[in-house]
Amino acid sequence: MTGDDLGTVRRLLQHLRVLDRVALACALENGSLSCLGPAPEALVRLLAHMGTVEGDVGSPGLSNCLAGWGAYYGARYEDASRCFEKAWSLPGPWASWAALGLCKVASDLGHWALARDWGLVALHLAREENDFERHSEAAGALGEVFLRAGQPKLAYELVSLDAALLPPGSGYRDRLTNYLAVCLGRLGEHSLAEPLLWHGFFAAREHDPVSAAYSRASLYVLSALIPNRSLFCRLEAGISHSVASGAELPEAIVECVRAYWGAAGTSGPSSGFERSEVLAHLERARAMLGPFYPVERAWVRELVCHVAGEPYDEAELESLRQRRSPAPPPPLRHVLDAHLADADLSTPLPFPLLGGGRSAGDAWQALRMFFI
Amino acid sequence: MRPVRLGLVGAANQGREHLAAAGACSQARITAACDLSAPVRDDTSARFPEVPMYAGLSEMLAAHALDGLVLALPHDAYDAQWHVLLQAGLPILKEKPLGRTLAEAARFVAHAQQAGVALVTAIQRRHHPSYVELEKLLHGTEIRELSATLHLGFDPTRRPAGWRGDPSRAGGGALLDAGYHLVDLVQYLLGAFEVVHANLWNGDRPATPDLLESEARVLGRAGRTWIRIDCQVGGTPDVERPGKRKKHERVVAVLGDGRRVEASRSQVLVDGACVFQADPSWTRSVALQLDAFARRITENRFDDLDVWSQVPAMRLIERAYAIARAVGPVPEGVSRDR
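Residue numbers (our numbering), protein chains in the order written: chain L, 1 to 372; chain X, 373 to 710.
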């Protein structure tokens, strides 16, 4: 594989960033690429290759990287982890890409500190390779990790770095605006977050409906965090909206927020809610999440137990614990990223997002942990 | 050889640092000082009775034959007085920042050129023995990463008193104030660099133009060297002094061969081994700076990069403000108080 080929693959992966992972997973699993819309022909060929062909695509390292991403987007986290680890063990220019993959796998499985460590490796290597695109990706992935781990200030710094490095016209601006708004919301800057989310929604509605769905879902979450029932009511009544293909996560979150408002009155949790309706919202959320987003799925399971008045059996949490996570990266002497490496993300898997023994109120408040 | 005779304009905190350091100078002497404020004059006279004190610049100039001026005024005091200061026709050592904005700095430089007055910015770290040693170590060496940190250790939740607490008078917060030192230090160590990204914070809130930043973080590049600047009015909490923040100042560089070089005002380390030690106080470096200014006056030498790099420093700071405010948090038309 030549440097030009590697550049092509990187550009293709850049394009993948604007596609939703669920849609991509569908394509890989089913061999059907129609849901990708007007993807470039080269991308379609690559995806077909990734989805159907076993073996070498030029070099074992790159081949494992591609297989790792294919597995990751298919929610086969253990396979993804093994492939990325294999790619990482083979020296080559894909090392930062493999490290980024391991960061994403660890993040999806709720291993915040491990995800941070691999993300920092990717960031470090991207800088050494003078690869601004990978640097931007790694910063964005780390932003997500820090947000989910309850460090919104560091998350904001990383997401804004991702935004600063974004090439003009990349098509990713609206999503980053949304991410910045989510960080601001977590920082308590609700009056800044809300207009940015509305802006993101209207800006993306025509050309990037998945991004618009994320903005809308973030507005729903904001209504619960403030909390502001009138905002929730405006969202329910005001936006005509059809579910975009690939927007399962934001739609699942909207269902969770509907359940939240069903379960909690304006003055706090009430026993007068329609339990069956709330459970229906939560079950719809779980169905939308499917095999993806295991941490979020486990959280919804916890909510179902609270609402149904059932004991929390921790089965979902235990299965999450049982999943194979990536091996830790080699130690790195951080200079530029020392403040990120030193941040305390030592919450045990996958707390504080999940916790069987906590109150229903605390469980609902974990809504703020989602990064969408 | 007769010492170069300097007049100090502005005899409050920063001016007193110059007065305290002047005693250690070999080539410069502060022969007189002036300040508009009577309490400041009284206080400074009590500490430095050997230095004659005046209420105004004209009285000081009338009473003393001077070779240069040292300006240590509040950031907002220069604009209205600049032409008066230039009319003295003496070389000027002006406390940083060169201006509150790039435009103001450029105006000061242009007016000084028109008046034929040499203008030098006072940047102590360029003269501190530790950083001079660090510059020697790094010179001509491949540097992969460099991180510069300055935490002042003040209470970041307390709004600064007087002009420093007023954004329009101060011109900026941590980035313009503490950050100026680091931007200049990085330029001194690496040469010109580019700002890639910047964040401004007021505590845990993103800073807005109407809210002076208490923290600034800048990511930059010089050639293939990545740079991080972290300046804070406060710092990390000091566990040994509850409620207090830690003062912290350090430059860390990773060289191309993997060696790690660390410098603070007290020492320089290479891979953890001390290779240089210095007096961490400012007195020595301020004295060296005054002597360097005196040599410039004696040799009439004001056209080197140390002088001209101050406009690029202002440009970098302005760029960092622009980037931080462009990315967020407040896009045009959105108000925090909405």
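Beta carbons: idealized from backbone N, C-alpha and C, even for Gly.
Original post:
Applying a beta-carbon distance threshold of less than 7 Å, which residues of chain L neighbour ASP629(X)?
Top reply: As a position in the second sequence, residue 629(X) is number 257, starting the count at 1. Within chain L, no residue comes near ASP629(X); the closest Cβ sits about 14 Å away, beyond 7 Å.
Original post:
Under three-state DSSP, which class holds TYR693(X)?
Top reply: Along the second sequence, read from residue 1 onward, the residue named residue 693(X) stands at position 321. Note: TYR693(X) maps to helix in three-state DSSP.
Subject >> Local Cβ density within 10 Å of ASP643(X), reported as buried at 16 or more and exposed below that >> reply: The sequence position of residue 643(X) within the second sequence is 271, counting from 1. With fewer than 16 Cβ atoms within 10 Å of its Cβ, ASP643(X) is classed as exposed.
Subject >> C-beta contact flag for ALA434(X) and ARG377(X) at 8 Å >> reply: Translated into the one-based positions of the second sequence, residue 434(X) becomes position 62. Translated into the one-based positions of the second sequence, residue 377(X) becomes position 5. In this structure, ARG377(X) does not lie closer than 8 Å to ALA434(X) by Cβ.
Original post:
For SER270(L), which of helix, strand or coil comes out of DSSP?
Top reply: Counting from one through the first sequence, the residue named residue 270(L) turns up at place 270. Unreliable positioning characterises SER270(L) in this predicted model, as indicated by a pLDDT of 47, which lies under 50. A coordinate reading is not provided.
Subject >> Secondary structure, alpha helix (DSSP H): runs of 4+ residues fully inside the region 210-261 of chain L >> reply: 229-238
Original post:
Looking only at its own chain, which residues have a Cβ that is under 7 Å from the Cβ of VAL567(X), when we skip the five neighbours before and after it?
Top reply: Here residue 567(X) is taken as the residue at index 195 of the second sequence, counted from 1. Hits under 7 Å: VAL590, GLY592, LEU688, ARG691, ALA692, ILE695.
Subject >> Reduced DSSP secondary structure (H/G/I, E/B, other) of LEU641(X) >> reply: The count along the second sequence starts at 1 and reaches residue 641(X) at position 269. Here LEU641(X) sits in strand by DSSP.
Original post:
Nearest-angstrom Cα distance between SER636(X) and GLU467(X)?
Top reply: Locating residue 636(X) in the second sequence gives position 264, counting from the first residue. Locating residue 467(X) in the second sequence gives position 95, counting from the first residue. Looking at the two C-alpha atoms, the distance is approximately 22 Å.
**OP:** Given a cut-off of 8 Å, decide if GLY563(X) and ALA594(X) are closer than it, judged by their beta-carbon atoms.
**Re:** Residue 594(X) sits at position 222 when you count from the first residue of the second sequence. Residue 563(X) sits at position 191 when you count from the first residue of the second sequence. Yes; because the gap between Cβ atoms is below 8 Å, this pair is in contact.
Original post:
With 16 other CB atoms within 10 Å as the buried threshold, where does PRO609(X) fall?
Top reply: Position 237 of the second sequence, counting from 1, holds the residue named residue 609(X). By the 10 Å Cβ count, PRO609(X) comes out exposed.
Subject >> For LEU524(X), the three-state DSSP class (helix, strand or coil) >> reply: Here residue 524(X) refers to the residue found at position 152 of the second sequence. The answer is coil: DSSP assigns LEU524(X) none of H, G, I, E or B.
Subject >> Enclosing beta strand (DSSP E) for VAL633(X) [first to last residue] >> reply: Taking the second sequence and counting its residues from 1, the one referred to as residue 633(X) is at position 261. Here the beta strand (DSSP E) through VAL633(X) covers 632-635.
Original post:
Contact between the region 120-137 of chain L and the region 159-169 of chain L: three or more CB pairs below 8 Å?
Top reply: yes
Original post:
Under the three-state reduction of DSSP, which class applies to HIS390(X): helix, strand or coil?
Top reply: Within the second sequence, the letter at position 18 stands for residue 390(X). DSSP places HIS390(X) in helix when its eight states are reduced to three.
Subject >> TRP118(L) beta carbon less than 8 Å from that of PRO329(L) >> reply: Taking the first sequence and counting its residues from 1, the one referred to as residue 329(L) is at position 329. Taking the first sequence and counting its residues from 1, the one referred to as residue 118(L) is at position 118. It is a contact, given that the beta carbons lie within the stated cut-off.
**OP:** May I have the straight-line CA-CA distance separating GLY382(X) from TYR426(X), to the nearest angstrom?
**Re:** What you label residue 382(X) is simply residue 10 of the second sequence in a count that begins at 1. What you label residue 426(X) is simply residue 54 of the second sequence in a count that begins at 1. Straight-line Cα distance between these residues: approximately 10 Å.
Original post:
Can you name the start and end residues of the beta strand (DSSP E) that THR473(X) belongs to?
Top reply: Here the question's residue 473(X) lines up with position 101 in the second sequence. THR473(X) -> no beta strand (DSSP E), and no H or E assigned at all.
**OP:** Can you pull the chain L residues whose beta carbon is under 8 Å from the beta carbon of ILE695(X), in chain order?
**Re:** The sequence position of residue 695(X) within the second sequence is 323, counting from 1. Those are ALA164, listed as they occur along chain L.
Original post:
Who pairs with GLY592(X) in a beta bridge, going by DSSP?
Top reply: By 1-based counting over the second sequence, the position of residue 592(X) is 220. Its beta-bridge partners are VAL567(X), ILE599(X).
**OP:** Can you grab the Cα-Cα spacing for the pair GLU505(X) / ILE226(L), in whole Å?
**Re:** By 1-based counting over the second sequence, the position of residue 505(X) is 133. By 1-based counting over the first sequence, the position of residue 226(L) is 226. When rounded, the distance between both Cα atoms is 53 Å.
Original post:
Is it the case that the Cβ atoms of ILE649(X) and GLN496(X) are separated by a distance below 8 Å?
Top reply: Against the second sequence, residue 649(X) aligns to sequence position 277. Against the second sequence, residue 496(X) aligns to sequence position 124. At residue 649(X) the sequence reads Gln, which differs from the Ile that was named. It is not a contact, given that the beta carbons lie outside the stated cut-off.
**OP:** Spell out whether any CB of chain L is found under 8 Å from the CB atom of ASP576(X).
**Re:** Your numbering for residue 576(X) matches position 204 in the second sequence. Cβ-Cβ to chain L under 8 Å: yes for ASP576(X).
Original post:
How big is the Cα-Cα spacing for ARG358(L) and ALA285(L)?
Top reply: Here residue 358(L) is taken as the residue at index 358 of the first sequence, counted from 1. Here residue 285(L) is taken as the residue at index 285 of the first sequence, counted from 1. Looking at the two C-alpha atoms, the distance is approximately 21 Å.
Subject >> 4 or more residues per run - each alpha helix (DSSP H) lying fully within the region 389-467 of chain X >> reply: 410-419, 429-435, 450-459
Subject >> Residues of the region 601-627 of chain X whose Cβ lies closer than 9 Å to any Cβ of chain L, in chain order >> reply: ASP602, VAL624, ALA625, VAL626
Original post:
In whole angstroms, what separates the C-alpha of ALA139(L) from that of GLY92(L)?
Top reply: Within the first sequence, residue 139(L) is the residue found at index 139, counting from 1. Within the first sequence, residue 92(L) is the residue found at index 92, counting from 1. Spanning the two alpha carbons is a distance of roughly 21 Å.
Subject >> Bridge partner(s) assigned by DSSP for THR670(X) >> reply: Your numbering for residue 670(X) matches position 298 in the second sequence. Its beta-bridge partners do not exist; DSSP assigns none.
Original post:
Thinking just about the alpha-carbon of each residue, which of VAL624(X), VAL683(X), TRP654(X) is nearest to the one in HIS334(L)?
Top reply: As a first step, residue 334(L) must be located in the first sequence, where it is residue number 334. HIS334(L) has its Cα closest to that of VAL624(X), out of VAL624(X), VAL683(X), TRP654(X).
**OP:** Verify the CB distance criterion: does GLU517(X) have a CB-CB separation below 8 Å to chain L?
**Re:** Start at 1 with the first residue of the second sequence, and residue 517(X) comes out as number 145. Yes, GLU517(X) lies at the interface with chain L (some Cβ there is under 8 Å from its Cβ).
**OP:** Could you list the residues in the region 547-571 of chain X with a C-beta less than 9 Å from some C-beta on chain L, going in chain order?
**Re:** VAL568, HIS569, ALA570, ASN571
**OP:** Check the DSSP bridge columns for GLY379(X) and list the partner residues they point to.
**Re:** The sequence position of residue 379(X) within the second sequence is 7, counting from 1. Answer is ALA404(X), LEU441(X), bridged to GLY379(X).
Original post:
Assuming GLU507(X) and LEU561(X) make a contact with CB atoms under 8 Å, what is their CB distance in whole Å?
Top reply: Mapped onto the second sequence, residue 507(X) falls at position 135. Mapped onto the second sequence, residue 561(X) falls at position 189. About 6 Å separates the two Cβ atoms, so the contact holds.
Original post:
Applying a beta-carbon distance threshold of less than 8 Å, which residues of chain X neighbour ARG333(L)?
Top reply: Residue numbering aside, residue 333(L) sits at position 333 when the first sequence is read from its first letter. VAL626, ARG632, listed in chain order.
**OP:** Could you tell me which uninterrupted alpha helix (DSSP H) segments, each at least 4 residues in length, are contained entirely in the region 128-155 of chain L, listed from first to last along the chain?
**Re:** 132-148
Original post:
Roughly how many angstroms separate the alpha carbons of HIS390(X) and ALA203(L), rounded to a whole number?
Top reply: Residue numbering aside, residue 390(X) sits at position 18 when the second sequence is read from its first letter. Residue numbering aside, residue 203(L) sits at position 203 when the first sequence is read from its first letter. Cα to Cα, HIS390(X) sits roughly 56 Å from ALA203(L).
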